[in-house]
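First up is the structure itself, then whatever we jot down about it.
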Amino acid sequence: MRPAAGERSSSGPILLNLGYGNLVVASRVVAVVSPQSAPMKRLREEASSRGKLVDATQGRRTRSIIVTDSDHVILSAINPETIAARLAQEDVLGGQE
34 MRPAAGERSS SGPILLNLGY GNLVVASRVV AVVSPQSAPM KRLREEASSR GKLVDATQGR
94 RTRSIIVTDS DHVILSAINP ETIAARLAQE DVLGGQE
């Protein structure tokens, strides 16, 4: 049976919406950063060369970079502030169970 709207299932991980149908396990996220700085551009290039880059932009402009605990780097077309707010909301909802 699926949980009703607004309820959480205790059987699975909490997923974070990165936009356009792309999801990541919220507990694996280490950082959400803006892609404009030179260090973030290097991080993106290094992840690509290691085969750890995931492009979840759906062809749109990259607005945020998500770093996971498995060293994967995920590109998203959603603003970092929006993703951070979603992540904070998941933390609050997840702690109520």
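Reminder that position 78 of the sequence shown reads as 111 in this note's numbering, one-by-one numbering, no gaps.
Beta carbons: idealized from backbone N, C-alpha and C, even for Gly.
Fair warning: this is a prediction, and the values are worked out from it, not measured in the lab.
- The beta carbon of S67 is closer than 6 Å to those of P113 in its chain, skipping five residues each way along the sequence.
- Taking a cut-off of 8 Å for Cβ pairs, the stretch 44 to 61 and the stretch 100 to 110 touch, as three or more such pairs fall below it.
- Within the model, the alpha-carbon separation for S103 versus R61 is close to 8 Å.
- Beta-bridge pairing by DSSP links S109 to A89 and S97.
- When DSSP reads this structure, L56 sits in a beta bridge with N50.
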